[in-house]
Amino acid sequence: MSSDGDNNNISTPVAVASCVAMALSYVLILYAPTVILRLPSPSSFSHFMIRRFICAAISTTASLLFTAFILLPIKSWEASVILGAFGIRKDHLWQGVVYPLLLTSLIYAGSLVLNLVSLIESCKESGGGFSKVLTFVQAIPACILMCASDVSFLRNLVVAPLTEELVFRACMVPLLLCAGFRSYSAIFLCPILFSLAHLNHFRETYIRHNRSYIKASLIVGLQLGYTVVFGAFASFLFIRTGHLAAPLFAHIFCNYMGLPVVIHSRGKGLVSLAALVGVIGFVTLLFPLTEPLMYNDRTNNCPCWLAYCLWK
Numbered sequence: 001m002s003s004d005g006d007n008n009n010i011s012t013p014v015a016v017a018s019c020v021a022m023a024l025s026y027v028l029i030l031y032a033p034t035v036i037l038r039l040p041s042p043s044s045f046s047h048f049m050i051r052r053f054i055c056a057a058i059s060t061t062a063s064l065l066f067t068a069f070i071l072l073p074i075k076s077w078e079a080s081v082i083l084g085a086f087g088i089r090k091d092h093l094w095q096g097v098v099y100p101l102l103l104t105s106l107i108y109a110g111s112l113v114l115n116l117v118s119l120i121e122s123c124k125e126s127g128g129g130f131s132k133v134l135t136f137v138q139a140i141p142a143c144i145l146m147c148a149s150d151v152s153f154l155r156n157l158v159v160a161p162l163t164e165e166l167v168f169r170a171c172m173v174p175l176l177l178c179a180g181f182r183s184y185s186a187i188f189l190c191p192i193l194f195s196l197a198h199l200n201h202f203r204e205t206y207i208r209h210n211r212s213y214i215k216a217s218l219i220v221g222l223q224l225g226y227t228v229v230f231g232a233f234a235s236f237l238f239i240r241t242g243h244l245a246a247p248l249f250a251h252i253f254c255n256y257m258g259l260p261v262v263i264h265s266r267g268k269g270l271v272s273l274a275a276l277v278g279v280i281g282f283v284t285l286l287f288p289l290t291e292p293l294m295y296n297d298r299t300n301n302c303p304c305w306l307a308y309c310l311w312k
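Residue 160 in full-length UniProt numbering sits at position 160 of the sequence shown, with consecutive numbering throughout.
The structure is reproduced here in structure tokens:
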């Protein structure tokens, strides 16, 4: 998507202030129950996470409504236009899911090969390879049900990806683009706010590592660096495809896989080779697999998806 039009209707200070406010509210509302409402501490980790889920949902909903109000006057609201502005669309949906997910998986080529090598070695050691695989497949439904009731699973693979992509991509990117920001500026600005939203993990990390500021700072610093890189990639996917599904499924996949494996003792160098080939493939296919015309039809002779540069 190219969205460098000049007919923007949002001032730069308003867009930046709005993005900063949404990023802050996304984090600060998590502490509202105990700091502002003075509610008693949750009785369990599950109750603690459910409370946070509710807070994140409230913050996300408020950000969506606020962004819709800024982009278009209420009298002009139409479901298809507003949802489309947030990248929630049915057209070209399978492309918006499959191609970005394949592109993301290339970064994890080393991790995927390591998992395959581990599975093969496990089958060889225990024998009965086919029956073991069959047992694994049969256990998938039960595993899914168990994960669905796990609040950590819900946080990492459902709530966090969905709410973060709605706020930091679906809300912020349209505001910045409609304010006249160049695409590459939005790609690098949103991740900074995205990474700052993860600073709330410092306290948890600090307590988990025996209240060591050095360890906590190093771990959180690494996490922030990773979120900046991923945030830039997610913003890139959203801007190029115009589909929220693109960064959303990439986000879920990355949260599930964790940090990519580059070097490992197993596989006799096969993991490192796969990681290298994956990186080369990622760089080579980054632009071809995110070609905007694969995901959008031109509208009103405007190259922008949803004709952003024609909005008044």
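Note that beta-carbon positions come from the ideal geometry of N, C-alpha and C, so glycine has one too.
Note that the structure is predicted; figures quoted are calculated from it, not measured.
Per-residue burial, residue i [other beta carbons within 10 Å of its own, 16 or more giving buried]
| i | result |
| --- | --- |
| Thr34 | exposed |
| Gly110 | buried |
| Ser25 | buried |
| Cys309 | Residue confidence is low: Cys309 scores 47 on pLDDT, short of 50, so the model does not pin down where it sits. No coordinate-derived value is stated. |
| His243 | buried |
| Ile239 | buried |
| Val261 | buried |
| Thr284 | exposed |
| Thr104 | buried |
| Val14 | exposed |
| Ile54 | exposed |
| Ala17 | exposed |
| Thr163 | buried |
| Thr60 | buried |
| Gly87 | buried |
| Gly221 | exposed |
| Pro161 | buried |
| Ser41 | exposed |
| Phe287 | exposed |
| Arg169 | buried |
| Ala79 | exposed |
Cut-off 7 Å between Cβ atoms - residues of its own chain near residue i, not counting five sequence neighbours on either side
| i | result |
| --- | --- |
| Leu157 | Ile252, Asn255, Tyr256 |
| Leu114 | Val261, His264, Arg266, Gly267, Val271 |
| Phe230 | Cys254 |
| Ile58 | Ile29 |
| Met49 | Val151, Arg155 |
Alpha carbon of residue i to alpha carbon of residue j, nearest angstrom
| i | j | result |
| --- | --- | --- |
| Glu121 | His264 | 15 Å |
| Leu106 | Leu270 | 15 Å |
| Leu71 | Trp77 | 10 Å |
| Ile153 | Val167 | In the sequence under discussion, the amino acid at residue 153 is Phe, which differs from the Ile named in the question. Taking the straight line from one Cα to the other gives about 20 Å. |
| Arg266 | Tyr31 | 44 Å |
| Ala179 | Met172 | 11 Å |
| Ser235 | Met294 | 17 Å |
| Ser2 | Asp91 | Annotation note: pLDDT 39 at Ser2 (below 50); position unreliable, no value reported. |
| Ile187 | Cys123 | 44 Å |
| Ala68 | Leu175 | 9 Å |
| Leu37 | Ile29 | 11 Å |
| Pro292 | Arg89 | 14 Å |
| Leu93 | Cys19 | 27 Å |
| Ile82 | Leu189 | 23 Å |
| Ser118 | Leu289 | 30 Å |
| Ser183 | Glu165 | 17 Å |
| Leu248 | Val159 | 11 Å |
Neighbourhood of residue i by C-beta distance below 8 Å, restricted to the same chain and skipping five residues each side
| i | result |
| --- | --- |
| Ser11 | Ala179 |
| Leu73 | Reading off the sequence shown, one finds Pro at residue 73, where the question assumed Leu. Same-chain partners within the cutoff: there are none. |
Beta-carbon proximity list for residue i, same chain, < 6 Å, skipping 5 on both sides
| i | result |
| --- | --- |
| Leu39 | Pro33 |
| Ala246 | Gly96, Pro100, Leu237 |
| Ser46 | Val151 |
| Pro191 | Val228, Gly231, Ala232 |
| Gly281 | Leu106 |
| Tyr108 | Met257, Pro260 |
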